[in-house]
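For the record, the sequence lines run as chains R, C, E, G, X and F.
The numbering used here puts the first residue of the first sequence at 3, with every later residue one more than the last.
The numbering used here puts the first residue of the second sequence at 3, with every later residue one more than the last.
The numbering used here puts the first residue of the third sequence at 3, with every later residue one more than the last.
The numbering used here puts the first residue of the fourth sequence at 3, with every later residue one more than the last.
The numbering used here puts the first residue of the fifth sequence at 3, with every later residue one more than the last.
The numbering used here puts the first residue of the sixth sequence at 3, with every later residue one more than the last.
All C-beta atoms in this analysis are idealised placements derived from N, C-alpha and C, irrespective of residue type, glycine included.
Everything on this sheet refers to the single structure shown next.
There are 6 protein chains.
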Amino acid sequence: MFFHRQELQFKATPDQPDAVFARKLQELLGGQYGEITVALQYMFQGWNMHIPGKYRDLVFGIAAEEIGHVEMLATMIAQLLEKAPVGVTGKALQDDPTVAAIVGGMDVQHAIVAGAGARPVDSNGNPWQGSYITASGNLLADFTANANAEMQGRTQAARMYHMTDDHGVRDLLSFLIARDTMHQNQWAAAARELQEEGYELMPTPSNFPQSKEYQQVSYQYLNFSDGKTAAEGSWASGPSPDGKGEFTYHDGPTTTAPMPPPTHADSRFYGTTELPNSIEKTAGMVQDKLNKE
Amino acid sequence: MFFHRQELQFKATPDQPDAVFARKLQELLGGQYGEITVALQYMFQGWNMHIPGKYRDLVFGIAAEEIGHVEMLATMIAQLLEKAPVGVTGKALQDDPTVAAIVGGMDVQHAIVAGAGARPVDSNGNPWQGSYITASGNLLADFTANANAEMQGRTQAARMYHMTDDHGVRDLLSFLIARDTMHQNQWAAAARELQEEGYELMPTPSNFPQSKEYQQVSYQYLNFSDGKTAAEGSWASGPSPDGKGEFTYHDGPTTTAPMPPPTHADSRFYGTTELPNSIEKTAGMVQDKLNKE
Amino acid sequence: MFFHRQELQFKATPDQPDAVFARKLQELLGGQYGEITVALQYMFQGWNMHIPGKYRDLVFGIAAEEIGHVEMLATMIAQLLEKAPVGVTGKALQDDPTVAAIVGGMDVQHAIVAGAGARPVDSNGNPWQGSYITASGNLLADFTANANAEMQGRTQAARMYHMTDDHGVRDLLSFLIARDTMHQNQWAAAARELQEEGYELMPTPSNFPQSKEYQQVSYQYLNFSDGKTAAEGSWASGPSPDGKGEFTYHDGPTTTAPMPPPTHADSRFYGTTELPNSIEKTAGMVQDKLNKE
Amino acid sequence: MFFHRQELQFKATPDQPDAVFARKLQELLGGQYGEITVALQYMFQGWNMHIPGKYRDLVFGIAAEEIGHVEMLATMIAQLLEKAPVGVTGKALQDDPTVAAIVGGMDVQHAIVAGAGARPVDSNGNPWQGSYITASGNLLADFTANANAEMQGRTQAARMYHMTDDHGVRDLLSFLIARDTMHQNQWAAAARELQEEGYELMPTPSNFPQSKEYQQVSYQYLNFSDGKTAAEGSWASGPSPDGKGEFTYHDGPTTTAPMPPPTHADSRFYGTTELPNSIEKTAGMVQDKLNKE
Amino acid sequence: MFFHRQELQFKATPDQPDAVFARKLQELLGGQYGEITVALQYMFQGWNMHIPGKYRDLVFGIAAEEIGHVEMLATMIAQLLEKAPVGVTGKALQDDPTVAAIVGGMDVQHAIVAGAGARPVDSNGNPWQGSYITASGNLLADFTANANAEMQGRTQAARMYHMTDDHGVRDLLSFLIARDTMHQNQWAAAARELQEEGYELMPTPSNFPQSKEYQQVSYQYLNFSDGKTAAEGSWASGPSPDGKGEFTYHDGPTTTAPMPPPTHADSRFYGTTELPNSIEKTAGMVQDKLNKE
Amino acid sequence: MFFHRQELQFKATPDQPDAVFARKLQELLGGQYGEITVALQYMFQGWNMHIPGKYRDLVFGIAAEEIGHVEMLATMIAQLLEKAPVGVTGKALQDDPTVAAIVGGMDVQHAIVAGAGARPVDSNGNPWQGSYITASGNLLADFTANANAEMQGRTQAARMYHMTDDHGVRDLLSFLIARDTMHQNQWAAAARELQEEGYELMPTPSNFPQSKEYQQVSYQYLNFSDGKTAAEGSWASGPSPDGKGEFTYHDGPTTTAPMPPPTHADSRFYGTTELPNSIEKTAGMVQDKLNKE
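In structure tokens, the structure reads:
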């Protein structure tokens, strides 16, 4: 169960209207790595988790915080739009290049659809979608996904910090960036702890029987480009991070197989197939066969 | 530039037809973490990369291998469909519950749209989409995304290994799983190397000035659920993985702010606002104002 | 801010596994009118609302309840999948038509992607998307959207009630149906109250100046089909529900205008246009013009 | 069957080019609540309807009118683009901030893809999609959806009326707004008539047996936020609009249940589960089990 | 304007229920090349067309027919579902493998969402979307798109003809296939006529000045795969179909250029860049620079 | 298998930064008819092809070239963004209308998400999707799709040529336009050759038995609009292009059928049906029936 309190985790009020920045903030709210993504990702990980205890408490505890971040961003966006010249303006104003530029740079659905409110979309107006989230039931894989999400999110917030001078907006961003610092560290710690406690090791999933993978290529670097310097990396020689193998470097594949011959589906799929001896003859044969059905 | 060779990296021929498994394989080909995703993800990381050398050679080298994996899966899928009873069958057969079940379990577009061929979709028939990929220009973030993609992909392939007894299919899966073992290790090694060489440290992005984040909450575990055991994790006390902080644990937020008052957009957005003293009066006022424009 | 409590609003445990029904339940979780939709719809209405007080408290109060419904459904789905034969089974079992039928009827991503867990998708596997929700800032319009969402949701849940005999599942559905009864009534009451208090009247938005709409057709029923009985409805004669007009019935339009002539865009868009006197001549002209740039 | 007449229901010619407004008009053409939505929504309701007569004639009659509205908007958009400086212009012009702003504010696919023509997308360029429409077979639910669609559509058109001074555009909008006035009233009348004639009552669906819903919570207002004023609404006490219950107000849930224990899926899904006594031992066990298959 | 007549162009009644085939028919209704696609494609081509007369009359005349085809398919689908065992059945029946298989093979949203009615989706349940259509304003390009759409549609209908024995369904398919025969021929004729009349020639767009394309490679077959037989085709030697060039065959590219050096974006995008001499030093520099802003 | 060479097929370096044009170029990279589409379309056609030899070598040979075009465009886009004022700029600059206009006209995700890099999206930021491609197994249909793709692509590139004065960009476009010239010609030649060699004739699929289509309407032009001039085209009289029929012209349909009566689904779908004699009586009956289950 979830409960709502009509308070924010941090102040979220801009110094002044800015419809163009309101649009940009949508990325942090409803983008691939926005707050809706992490909120629902952590929730689904909790609902699909197979073990009780600290890891499940962890994902639930952060999931709820993240919906509150959606709320802070939506609140900020509505205020950035509140008094901005978002299209409903006198003619004179609209002819002003500055105003015109704002209309160009804003999300016009902020005005037309939401009446100067926030929307569940990214900064290009693409609706948020369920395929952004990851919850596989394998915790080492999922915590790595979480670490990535927090890294991408923090990078985006950091970029946007330099796209505004508004102190209110910068304050909110500095708060969100700090929480991303925490969450990056937390998922790194959780992924490390999972491994130290033996829940899961690399490569994930760790209890797929090694005998069943084609081990000849499990630690081979196979280079399909012509760049030569990939051979210099720690992925091309020396022990592998999982402690189970030794990297080797190869230019191109170490195994190949001929392409199997083209398939021939049932003729009633009407795919194009080998040329018969004569068209008329075949047409007749096909006709015969089909007329029987 | 890319060049194609009409050979496969590994044999990809099933023992027998299986339209239902063909559908499942689509997840590895065109799913969120399928081979189209990793192929294009690594390419875009290469095209957007700001440094020449081993890291760029690495992403290009693997990207090209991954398109070859798309090819192996598509080739396998076409063969699994080749002689399967995928709907174009005599009435008697269709009434057979086993055949009916196959039609139920298959991707019907394999038959109707592709004429017994592979499709750029996942196992539920959702078209592959560009929003699956990640290429931010920040390599530590992106290599973490890559590690996650290989972990999710290997987990899915491992699951599917147990969903078939076909030796040909299992052979292909065991090859792909081995390459996922390699690629997980490789991205882990690359992420470690990036940090050791000082290109990027945690938290990412590492050169966002620490003074600009709201440091009071950068290492606080804030628990928004009522599970008590999250306090026991290594994310709740002790030094943080980035080596820059000390975790603390708090039940709920350490900072709060009142929600700002509701916004009032321009009246010409026709949002619902406070009730005027009398409706008639206001209606008149609004009418007056609008008639003037 | 949102807080999570590790309890459910109602019991959500099935009598036995049923992967096919688990897939159907996804419609109530992640479909167009599923619980994610209403949860986020009510939240965005709250964040975009221009008036404090009972209407805003209403949307926040219900929004939080609805995320809890997402949680109950996800919890139920994971249990329905827990011991179901979802593909990872011995060969013998897979050849059993009943098992095959289950695999046909289930969401295969439940197994492959989520490892027997819930997903943010509908019953056809389409990812939930932000374009399902409605939050315009106009409360009469939005509360009507909410009433519709609860009506569609209750209809779907009622249908699904008859698709299972599992007592645990039916109990959960009977609880959700009861809450939909409440929420339908509540939005009807809220829409009525909005109008009684004068916040908004029909037609919405009610303060768009009537003088600015083309009033000749504001209360005309214009019939563009050849069914004659539409004339018998209360929408074809008598006073209109908004109390401002009198319906009239017309067979076909009462106004028409000629189509304007085709447009002629800049020739550099290379659209096909009128045939010149001679092709050669024009080609020369175009060439001349373009070569100058 | 549908027949086309090369006339419009109303004039649709702008005074002058305006590529930015052309983009905004796309919302009314191809947005969530645009004319394609209502046209197809009413058609599908007609095709899925279970009763002949006035209700079916009604949806068919309006559906056909609405495709004509798509046509008027497309015609207007093409004209707004006809002579607008949409990117194919001399360098000097492009350096003019006003022209640059137009390019920023326009839908660039209007130029690149459609050669100065209309597109089946919304004002952010999102393609129209079938998931916008509603046709459940339950007419009270569907007519409520229709009333909502007309309310949202009229609100958007009213907002856009104030975003232009072009008389031709305003004329078309004033016509569409008038038709939305009619259609709002019409769906309200039809919903009322359905109930008066006993086809369907609240709550919808009305013949789901009341005994099968969990009636204890059918009329309870359960407040999951901390706003206190929701208790003041007509949804918190007094008789419910469906005439079958009495509202009561409760702070938080009146029923709760413990979360069921985490699920344990088949181990071959490789989800993370409880820690075994010793990793080595389990690994061995798993290996044994798997090697047997 | 469009007018609806409550008649069908052809009978559309099945012999018996078949929920699985109802799902397959959705491909022809709402798939990439279904009837919604061609109806809207031809309409948008009409609205965006720059010349009056026979070509515009052609697209409008067929567009209206195609919406009627949507109607026939929707009508057929509703009837196929009418008495089919689509899930709402007694327990005994659901345990019957045949019934279970039907539920597996059907579109479950037909039951849950539409109450045994048609939906605006394809045979995998993907919603129809505006990005399926093509209307560029260039008629030779667009008529080629139309010819393709009719070819793909006829191929799909022909495949489905062999997936059923129902006479009513086969009758409808045989009618639709005949119309596809007509429409293929018609677009071929129209494309030929456009060229004969000089409106447009190959390559399209034909009046892009030849001097502005990089003519050295305009008629070169460049082979980027290792298949040798592509050299045998009429595309590898001899005159080109546009009558303006002579094909030549080349193994691989005839032109190459070095990749430009990696880009270096503004440091405030926090992309990973070249390693500085010492991390500490740089960190200090960046800090200095940023603190100034 | 695919191999990558770190070279481009043609130079791809702009004279100067231009973030707005970078966004436009995304259409050619990731749009409906962009290079990702043709690359994957040709690959899937190869993987699904049923005949070895020149046609398969052809699609593979071009597919690989087209990924190289994706690479050239991505490389160009990154350079156009490299030094452009894309939002991360001093306040003074952002107030400059020209800079503001650039921010309005650019793809803001270029900055926020990709850190000044290319993205797998179109010029409106819609992610590329698998439903853009066509690979049916029927080669005449598919080569027609390919011809269309190259025509649309060349038209778009030609339009964009006139939207820039940058010599580097124009050079790249002139190269791509020349390749589109080649590819249009090549698919036209291949489609012709397929027919000359008898693999496939019009109408496609050519071996669907003519006796099974409803031949009465196979060559009838049926006009559902009121434009009279469609009768003048070569599609309305004379021999049909497939050489098998004679076109005739008809105003409106030549066949009609009454709409079948409305369907009545199982009452447990709760669709609205005919009004019973009295509501109370029916409610009782339904209740009785349902209570028994």
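DSSP on residue i, reduced to helix/strand/coil?
| i | result |
| --- | --- |
| S208 (chain R) | coil |
| E276 (chain C) | coil |
| T250 (chain C) | strand |
| G255 (chain R) | Position check: residue 255 (chain R) holds Pro in this sequence, whereas Gly was assumed. It is coil, neither helix nor strand. |
| L174 (chain E) | helix |
| Q186 (chain G) | helix |
| V40 (chain X) | helix |
| Q11 (chain R) | coil |
| Q18 (chain E) | coil |
| K283 (chain R) | Below a pLDDT of 50, predicted positions are generally treated as unreliable, and K283 (chain R), at 49, falls in that range; no measurement from the model is reported. |
| V123 (chain R) | strand |
| P99 (chain F) | helix |
| Q34 (chain F) | coil |
Leaving out five residues before and five after residue i in sequence, what residues of the same chain have Cβ atoms less than 8 Å from its Cβ?
| i | result |
| --- | --- |
| S242 (chain E) | Y221, E248, F249 |
| T157 (chain G) | none |
| G229 (chain F) | none |
| D98 (chain C) | none |
| T256 (chain E) | Q218, V219, Q222, L224 |
If you follow the beta strand (DSSP E) that residue i is part of, which residue opens it and which one closes it?
| i | result |
| --- | --- |
| F5 (chain F) | 4–6 |
| Y223 (chain E) | 222–225 |
Can you list, in chain order, the residues of its chain whose CB lies under 7 Å from that of residue i, leaving out five sequence neighbours each side?
| i | result |
| --- | --- |
| T146 (chain E) | A193 |
| A65 (chain R) | A41, Y44, M45, G48 |
| M153 (chain F) | Q186 |
| S125 (chain R) | R25, K26, Q28, E29, G33 |
| D17 (chain G) | D168, H169, G170 |
| V367 (chain G) | Lying before the first or after the last residue shown, residue 367 (chain G) is absent from chain G, which here runs from 3 to 295. |
Could you please give the first and the last residue of the uninterrupted alpha helix (DSSP H) stretch that includes residue i?
| i | result |
| --- | --- |
| V88 (chain X) | No alpha helix (DSSP H) holds V88 (chain X); DSSP gives it neither H nor E. |
| N150 (chain E) | 141–163 |
| D59 (chain R) | 56–84 |
| H112 (chain F) | 110–114 |
Which bits of chain B does residue i rub up against, with CB to CB less than 7 Å?
| i | result |
| --- | --- |
| F271 (chain X) | Of the chains in the structure shown, none is chain B; the protein chains are R, C, E, G, X and F. |
Suppose the cutoff is 6 Å on Cβ atoms and the five residues either side in sequence are ignored; what does the same chain contact list for residue i look like?
| i | result |
| --- | --- |
| T258 (chain F) | none |
With DSSP as the reference, please indicate the residues paired to residue i in a beta bridge.
| i | result |
| --- | --- |
| G240 (chain F) | F:F249 |
| Q131 (chain F) | C:Q131 |
Report yes or no: do three or more beta-carbon pairs, one from the region 101–115 of chain X and one from the region 106–113 of chain E, lie closer than 8 Å? yes
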